[in-house]
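Once you know that position 78 of the sequence shown is 77 in numbering that gives the first Met the number 0, the rest is easy, because the numbers rise by one and skip nothing.
Here a beta-carbon is modelled for each residue, glycine too, at the ideal position from N, C-alpha and C.
Have a look at the structure below before the remarks.
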Amino acid sequence: MIDNQFLPYLKLAHGMFNLSMIFLFLYQGLMGLVIRRTRKAGAPLPLTVVRRHRKVGPVLVLWGIMGFVAGVILILVDKGRVLEYPPHFVTGLTIALLLSATYLVSRRIKGPDSPFRKPHFGIGLLLLPLCIIQSVLGLGILL
């Protein structure tokens, strides 16, 4: 069992990890936007950006879900029940599910005119404000 004196530090580490994930998601979204704009303009794709976006995306999805699971474990150890902070939990669960959906949709994108590009973009746009909301909710818990 985790000693209670370490829990505040683990909560802070959870928050810092997920805050860094937000910045990485913003960077990933920026790369996706560059790719999308280039594709719509009919210009040659920036292959280094495309490769980086494809390579980093699945890793960020995995890390994002791990951040959610770590938060659930921390609250279970600390309070004994998952729904101690319902808005933070529901927002985190929504983010984890949308991350999974983004990954699954991205696997189906084949070719330049794939119908899965628009849902991938839309889910990504939905994720970014949810991450900001989640960080504000988390700050409310920590402070």
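Boundaries of the alpha helix (DSSP H) in which residue i is found, first to last residue
i, result
"glycine 70", "46-78"
"alanine 43", "Note that residue 43 is proline in the sequence shown here, rather than alanine. Premise fails: proline 43 is in no alpha helix (DSSP H) and is neither H nor E."
"glycine 91", "85-106"
"proline 118", "116-141"
Cβ-Cβ separation, residue j to residue i (assumed contact under 8 Å), whole Å
i, j, result
"methionine 199", "arginine 51", "No information on residue 199 is available, as it lies outside the stretch 0 to 142 that the chain covers here."
"serine 134", "isoleucine 64", "That belief does not hold up - the Cβ atoms of serine 134 and isoleucine 64 are roughly 17 Å apart, past 8 Å."
"leucine 82", "lysine 10", "Actually they do not touch by this definition, with Cβ atoms about 17 Å apart."
"glycine 66", "histidine 13", "7 Å"
Rounded separation between residue i and residue j - CA only
i, j, result
"leucine 96", "valine 104", "12 Å"
"isoleucine 108", "phenylalanine 88", "30 Å"
"tyrosine 8", "threonine 37", "44 Å"
"lysine 39", "leucine 32", "10 Å"
"arginine 116", "methionine 15", "31 Å"
"isoleucine 140", "isoleucine 94", "18 Å"
"cysteine 130", "glycine 110", "30 Å"
"leucine 44", "glycine 91", "34 Å"
"glycine 56", "valine 71", "23 Å"
"glutamine 27", "leucine 138", "23 Å"
"proline 114", "arginine 80", "41 Å"
"isoleucine 132", "leucine 125", "11 Å"
"glycine 123", "isoleucine 34", "14 Å"
"serine 19", "glycine 41", "33 Å"
Member of the options whose CA lies at the smallest distance from the CA of residue i
i, options, result
"leucine 6", "Pro111, Pro45, Val76 and Val68", "Val76"
"proline 86", "Ile34, Gly28, Tyr8 and Leu136", "Leu136"
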